[in-house]
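Colleague: Last residue of the sequence shown? That's 497 in this note's numbering, and every number before it is there in order.
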Amino acid sequence: MWRPLAEIGRAPGGGYARHGWNDAELACRAWFAERAAERGLATETDRNGNLWAWWGEPGPGAVVTGSHLDSVPSGGAFDGPLGVVSAFLAIDQLRAEGITPRRPVAVAVFCEEEGARFGVACLGSRLLTGALDPARARALTDPHGVTLAEAMRAAGADPDAIGPDPETANRIGCYVELHIEQGRALTEPVGLASAIWPHGRWKYDFSGSADHAGTTRIADRRDPMLTFARMVIAARARAIETGALATVGRVLCEPNGTNAIPARITAWLDARAPDEATLTAVTRAIEADTATASRAHRTGLDVSAESLSPAVDFDGPLRGRLSAILGGSVPVLPTGAGHDAGVLAAVVPTAMLFVRNPTGVSHSPAESAGDGDCAAGVRALARVLAGLVDP
Ligand code: GLV
Ligand code: MN
Ligand code: MN
Numbered sequence: 107m108w109r110p111l112a113e114i115g116r117a118p119g120g121g122y123a124r125h126g127w128n129d130a131e132l133a134c135r136a137w138f139a140e141r142a143a144e145r146g147l148a149t150e151t152d153r154n155g156n157l158w159a160w161w162g163e164p165g166p167g168a169v170v171t172g173s174h175l176d177s178v179p180s181g182g183a184f185d186g187p188l189g190v191v192s193a194f195l196a197i198d199q200l201r202a203e204g205i206t207p208r209r210p211v212a213v214a215v216f217c218e219e220e221g222a223r224f225g226v227a228c229l230g231s232r233l234l235t236g237a238l239d240p241a242r243a244r245a246l247t248d249p250h251g252v253t254l255a256e257a258m259r260a261a262g263a264d265p266d267a268i269g270p271d272p273e274t275a276n277r278i279g280c281y282v283e284l285h286i287e288q289g290r291a292l293t294e295p296v297g298l299a300s301a302i303w304p305h306g307r308w309k310y311d312f313s314g315s316a317d318h319a320g321t322t323r324i325a326d327r328r329d330p331m332l333t334f335a336r337m338v339i340a341a342r343a344r345a346i347e348t349g350a351l352a353t354v355g356r357v358l359c360e361p362n363g364t365n366a367i368p369a370r371i372t373a374w375l376d377a378r379a380p381d382e383a384t385l386t387a388v389t390r391a392i393e394a395d396t397a398t399a400s401r402a403h404r405t406g407l408d409v410s411a412e413s414l415s416p417a418v419d420f421d422g423p424l425r426g427r428l429s430a431i432l433g434g435s436v437p438v439l440p441t442g443a444g445h446d447a448g449v450l451a452a453v454v455p456t457a458m459l460f461v462r463n464p465t466g467v468s469h470s471p472a473e474s475a476g477d478g479d480c481a482a483g484v485r486a487l488a489r490v491l492a493g494l495v496d497p
């Protein structure tokens with residue numbers, strides 16, 4: 107299962123560069139269609155570019171599993187694909203056992219979950235559930251200025267069709283996403299998710315005056331790099347103070363010349379917290395500290411929210427059911443990572459299975475999971491599907 111997928115979209119610096127509607131992501135879509143065809147599963151692409159492979163007649167009450175195939179820049183092999191690979195293998199397992207589901211089963215792949223290309227995480231599931239305005243989505247741009255609408259058209263998809271899709275959403279009876287755990291919290295091979303921390307992304311635009319590095323007196327400078335530097339330090343300090351997490355992992359500098367004071371810095375803040383009040387507190391504090399620094403350095407500052415994901419508490423009865431199916435002693439843990447399951451949880455009963463991550467490393471080429479744990483994940487998912495399709 108992994109071998110053909112493993113070669114798709116390798117990033118020059120290691121890991122994968124599979125981003126919404128790029129060539130690598132289109133190749134992942136083809137991989138998905140091939141795996142579905144091998145199994146005689148009918149495939150569909152919905153209005154928002156999400157993929158569906160059906161075991162049984164597509165229709166309401168479906169037990170849906172799956173994940174995403176896109177990656178962060180230089181992402182690992184497991185974040186996303188493990189849930190899709192495991193879904194196909196769990197179906198193989200149930201078929202080998204002679205199980206005929208009484209409810210339709212679907213394997214779903216949600217589009218641009220990481221938001222690595224167009225900035226908004228969980229793009230496909232947000233559009234599907236109506237959580238993202240389609241006009242805003244069409245106008246989102248990638249780092250090269252290509253809009254989502256243009257990227258979809260180039261890939262042969264219709265951007266005018268994107269938006270809330272109740273017909274597709276109404277077929278989902280429940281959604282169970284299997285995912286690699288992304289920290290060191292899971293010490294057993296398989297666990298269940300209780301909750302997702304609220305999180306979001308903020309774009310910081312810092313502007314100043316481009317000038318000569320050798321002739322501009324310190325007193326005359328309006329250097330946005332300094333304000334940006336204060337913002338990075340504030341993010342760490344305020345995160346520690348509030349018990350939140352705050353990260354600056356992406357930055358652009360213009361014109362990016364060694365011997366020139368920059369004209370503009372653009373940076374993205376990713377912040378997460380155990381509750382929404384703390385998330386609001388940490389992001390406001392970072393913004394206030396940055397505004398103070400901006401005044402001191404006489405730079406311009408503009409802050410805008412790019413995507414917000416509220417706190418998610420996964421469906422208690424569904425989790426109870428999964429726990430009973432899996433024998434009752436499965437560890438239950440929250441996560442600071444975002445997932446399409448979190449978006450879908452607003453409209454359908456949703457659960458997540460986690461597979462142990464021995465190093466805890468994720469969003470990195472070094473992400474790994476052991477074969478034995480991945481197999482345990484497939485077995486757990488197969489048991490869960492078998493239980494859910496035979497109510
Ligand atoms: C997605 O993996 C996220 O948590 O950003
Ligand atoms: Mn991820
Ligand atoms: Mn993921």
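Just so you know, even glycine gets a beta-carbon here, dropped at the ideal spot from N, CA and C.
Bear in mind that the values here come from a model prediction, so they are computed numbers and not experimental data.
Could you tell me the alpha carbon to alpha carbon distance between S400 and A335, rounded to whole angstroms?
Modeller: So the alpha carbons of these two residues sit roughly 11 angstroms apart.
Colleague: Along the chain, which unbroken stretches of the alpha helix (DSSP H) at least 4 residues long are found entirely within the stretch 198-244?
Modeller: Within the stretch 198-244, the complete alpha helix (DSSP H) runs of at least 4 residues are 229-235.
Colleague: What runs of the alpha helix (DSSP H), each 4 residues or longer, lie entirely inside the stretch 302-383?
Modeller: If we require 4 residues or more, the alpha helix (DSSP H) runs fully inside the stretch 302-383 come out as 330-348.
Colleague: Compare the C-beta of T333 with all C-beta atoms of chain C and state if any pair is closer than 8 angstroms.
Modeller: No chain C is part of this structure, which consists of one protein chain only.
Colleague: Measure the C-alpha to C-alpha separation of A193 and H445 and round it to an integer number of angstroms.
Modeller: Taking the straight line joining both Cα atoms gives about 16 angstroms.
Colleague: Using the beta-carbon of each residue, find all residues closer than 5 angstroms to any heavy atom of ligand 1 and list them in chain order.
Modeller: Going along the chain, the residues that qualify are A443, G444.
Colleague: On the three-state DSSP scale, how would you describe S177?
Modeller: If DSSP states are grouped into helix, strand and coil, S177 belongs with coil.
Colleague: Less than 7 angstroms separating the Cβ of H250 from some heavy atom of ligand 2?
Modeller: Every heavy atom of ligand 2 is 7 angstroms or more from the Cβ of H250, so no.
Colleague: From D152, T386, I324, D419, pick the residue whose C-alpha is nearest to that of R404; which is it?
Modeller: Here the closest residue by C-alpha is I324.
Colleague: Name the DSSP bridge partner or partners of R116?
Modeller: Answer is Y122.
Colleague: Over what stretch of residues does the beta strand (DSSP E) that includes G167 continue unbroken?
Modeller: From DSSP, G167 is part of no beta strand (DSSP E); its letter is neither H nor E.
Colleague: Please name the residue, chosen from R124, D152, A133, that lies closest to D271 on a Cα-to-Cα basis.
Modeller: Checking every option, the nearest Cα to that of D271 belongs to D152.
Colleague: Taking the alpha helix (DSSP H) that G406 belongs to, which residues open and close that run?
Modeller: Run containing G406: none in the alpha helix (DSSP H); it sits in the beta strand (DSSP E), 406-415.
Colleague: When you compare only the Cα positions, how much space is there between L491 and P164?
Modeller: So the alpha carbons of these two residues sit roughly 16 angstroms apart.
Colleague: To the nearest angstrom, how far is the alpha carbon of G167 from that of I302?
Modeller: Cα to Cα, G167 sits roughly 25 angstroms from I302.
Colleague: Near R232, what residues of its chain come up, given a Cβ to Cβ distance below 6 angstroms and the 5 sequence neighbours on each side ignored?
Modeller: The answer, listed in chain order, is L238, V449.
Colleague: Compute the Euclidean distance between the alpha carbons of I392 and A488, then round it to the nearest angstrom.
Modeller: Spanning the two alpha carbons is a distance of roughly 45 angstroms.
Colleague: How close, in whole Å, do the beta carbons of A475 and I346 come, if the pair is a contact with beta carbons under 8 angstroms?
Modeller: Incorrect: roughly 30 angstroms between the Cβ atoms, too far for contact.
Colleague: Quick check: the Cα distance between R244 and T321, rounded to an integer number of angstroms?
Modeller: Taking the straight line joining both Cα atoms gives about 44 angstroms.
Colleague: Given a threshold of 16 other Cβ atoms within 10 Å of its Cβ, counted over all protein chains shown, does A443 qualify as buried or as exposed?
Modeller: Per the 10 Å Cβ criterion, buried.
Colleague: Within 8 angstroms, do at least three Cβ pairs link the stretch 411-420 to the stretch 257-267?
Modeller: Verdict: no, contact absent.
Colleague: May I have the straight-line CA-CA distance separating A212 from G279, to the nearest angstrom?
Modeller: A212 and G279: Cα-Cα distance of roughly 10 angstroms.
Colleague: If we ignore side chains and look at the alpha-carbon of each, how far apart do P187 and C217 end up?
Modeller: P187 and C217: Cα-Cα distance of roughly 12 angstroms.
Colleague: How far does the beta strand (DSSP E) with F514 in it reach, from first residue to last?
Modeller: Nothing about residue 514 can be reported from this structure: the residues present for the chain run from 107 to 497 only.
Colleague: Return yes when the C-beta of H318 is under 7 angstroms from any heavy atom of ligand 2, and no when it is not.
Modeller: Outside the cutoff, so no.
Colleague: Among all the DSSP beta bridges, which residues are the ones paired with T151?
Modeller: Partner(s): L157.
Colleague: Following a CB-centred definition, is E473 positioned closer than 7 angstroms to any heavy atom of ligand 3?
Modeller: For ligand 3, not one heavy atom lies less than 7 angstroms from the Cβ of E473.
Colleague: What's the call for H250, buried or exposed, on a 16-neighbour Cβ count within 10 Å?
Modeller: The residue is exposed, with fewer than 16 neighbouring Cβ atoms inside 10 Å.
Colleague: State the start and end residues of the unbroken beta strand (DSSP E) segment that holds G279.
Modeller: Run containing G279: 278-286, per the beta strand (DSSP E) assignment.
Colleague: Taking only the alpha-carbon atoms, compute the straight-line gap between G493 and I431 and give it to the nearest angstrom.
Modeller: Approximately 7 angstroms, taken between the alpha carbons.
Colleague: What is the rounded straight-line gap between the Cα of H318 and the Cα of F420?
Modeller: If I take the Cα positions, the gap works out to 55 angstroms.
Colleague: Looking only at its own chain, which residues have a Cβ that is under 6 angstroms from the Cβ of G289, when we skip the five neighbours before and after it?
Modeller: For G289, where only same-chain residues beyond five positions count, the Cβ hits under 6 angstroms are G466.
Colleague: Any chance the stretch 347-363 sits against the stretch 291-301, with 3 or more Cβ pairs inside 8 angstroms?
Modeller: Segments in contact, no.
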